[in-house]
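>
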Amino acid sequence: MSKYKKYSSESSSSDDEDEYYKKSGEVSSDNSKEPSKISTVGAHQFGCEKTSDTVLKITQMADEPFKLYCHKTCLGANSPYLKSKIEELPINDQHETTVDKPILILNDLDRYDKRVITMVVKHLHDSNTIEFDQPILCLEDVITIVKIAILFGMEQLASRAKTALLEEVGSHNFFQLYILAKSYALDQILDELKRWMTSSRPTPNFHTSSHLMRMSEFMLMDFITEMSTVNGSVAYVFMSVLAWCRVNVLDVKKLRKVLSTLCENTNDAEVRNTVFAFVFPVWKKFLKDDVSLSDEAFLCMYHSLLSNSFDH
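Here my numbering is used: the sequence shown runs in plain steps of one and ends on residue 977.
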C-alpha cells in the first residue's frame, strides 16, 4: 500500500514532459553537484520580510505570481541554477528592485503547485523541510519535487525523491512514471518499471490512464521497443498500444507506423499464448512494404481482426 496520501494521478501535466521529450529526446539536468550541504542555518531567514535579503517572484499559469522571502547565500550556495540567476540580477532586464532587496523573477515554475515550490525553496534554507515519509506528500508532490530539484541542480534532493518513487511503482502509476523517466532520462526509474513488469506480470486490459493517452507516437514507439523485450510483457504492451490507438489514431498512416513498430519488436512465439495469436501474424504480413493494401482496406482489416481476437 502506498505511504502517500490518496490523490488523482490523472492530474499530472504529462503532456508537457512528452512535448519536451519529442523536441529534445533524453534530457538530464541532474549531473550538477550541490556546492554545499544544506543545513538549517538559513531557516529563520526564509519567509521573513525583515531578515531576508532577496525576494523570489514566481509566476503561475493559473494564478497570480507569488513571492517568497529568501536569503541570497542559501539560494546561491545550494542551487547552481539560482546562483546563476542571482549573478545575472544587476544586468538582467527580468527583475525588479526595491530599495534594499532585489526581486528575482522565475518564469520556469509556472506549471507547478506553489505549495511544493515553497517547500523546495524552503529546503534550500533548512534541510529538515522535506521528509519523504510525511503524510502531507502525495505521489504527484514527489514527482514535482524531482522536476524542480533537477532544474535547481539539487542532486541530493532529486536522488532522495527518485528513491521514494521507486517504492511506488504499480499499475496505477506505470505510465505516469514512464513519462517522467523518459522526459528526464531517469534510467533508475525506467529499470524499476521493467523489473516490476517482470515480477508482477500485470493483467492486460484496456488502460484508461490519461498519461498513456497523452503520450506522443514517438514516446509510444520507445515504450514498445523497450518493454517488448521484458519477460511476460507482451500482452500488456499489446493492450496498452491498442488502447492508445483507439483514442489517438485518426490517421491510418500513423496507425500503420505504430503497429509496424509493435510487430517488429514482437516475435510469434511470444504472442502464441495470448488473444493476439491469430491477429498478430496477419498484421505482420499486411504491414510489409511490398504488400499493397489501401488505407481504407487496412483500417477495415485492422478493426475486423481486432474484434475477432477479443471474441475468442
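Note that beta-carbon positions come from the ideal geometry of N, C-alpha and C, so glycine has one too.
As the structure is a prediction and not an experimental result, all values here were calculated from the model.
Cα separation between residue 745 and residue 722?
Answer to the nearest angstrom: the Cα atoms are 18 Å apart.
> Tell me the start and end of each unbroken alpha helix (DSSP H) in the stretch 859 to 889 that is at least 4 residues and wholly inside, in chain order.
875 to 878
> Note the first and the last residue of the continuous alpha helix (DSSP H) segment covering residue 783.
779 to 790
> Return the chain-ordered list of same chain residues with a C-beta closer than 8 Å to the C-beta of residue 779, the five sequence neighbours on each side being excluded.
723, 725, 728 and 731
> Could you compute how far the alpha carbon of residue 752 sits from the alpha carbon of residue 868?
53 Å
> Looking at C-alpha atoms only, which residue of 791, 845 and 799 is the closest neighbour of residue 815?
845
> Report the three-state DSSP secondary structure of residue 734 (helix, strand or coil).
In the structure shown, the three-state DSSP call for residue 734 is strand.
> Under the three-state reduction of DSSP, which class applies to residue 946: helix, strand or coil?
helix
> Please classify residue 795: is it buried, with 16 or more other beta-carbons within 10 angstroms of its beta-carbon, or exposed?
Buried is the call here.
> Closer than 6 Å by C-beta to residue 890: which residues in its own chain qualify, once you throw out the five before and the five after it? Chain order, please.
930
> Find out if the Cβ-Cβ distance for the pair residue 817, residue 747 is shorter than 8 Å.
yes
> If you reduce the DSSP assignment to three classes, tell me which class residue 719 lands in.
strand
> Given a threshold of 16 other Cβ atoms within 10 Å of its Cβ, counted over all protein chains shown, does residue 945 qualify as buried or as exposed?
buried
> With residue 801 as the anchor, note down where its beta strand (DSSP E) starts and where it stops.
Per DSSP, residue 801 belongs to no beta strand (DSSP E) and is neither H nor E.
> Could you give the DSSP three-state label for residue 795: helix, strand or coil?
coil
> Please report the Cβ distance between residue 927 and residue 909, rounded to the nearest whole angstrom; I am assuming they are in contact, meaning their Cβ atoms lie under 8 Å.
About 11 Å; that fails the 8 Å criterion.
> Considering only their Cβ atoms, is the gap separating residue 854 from residue 822 smaller than 8 Å?
no
> Just the C-alpha distance for residue 787 and residue 711, rounded to the nearest angstrom, thanks.
6 Å
> So what does DSSP say about residue 769, is it helix, strand or coil?
strand
> So is residue 915 buried or exposed if we call it buried at 16+ other beta carbons inside 10 Å?
exposed
> With DSSP as the reference, label residue 957 as helix, strand or coil.
coil
> How is residue 762 classed by DSSP in three states: helix, strand or coil?
Model confidence at residue 762 stands at a pLDDT of 49, short of 50, so the residue's coordinates are unreliable; what they give is reported in the following sentence. Three-state result, residue 762: strand.
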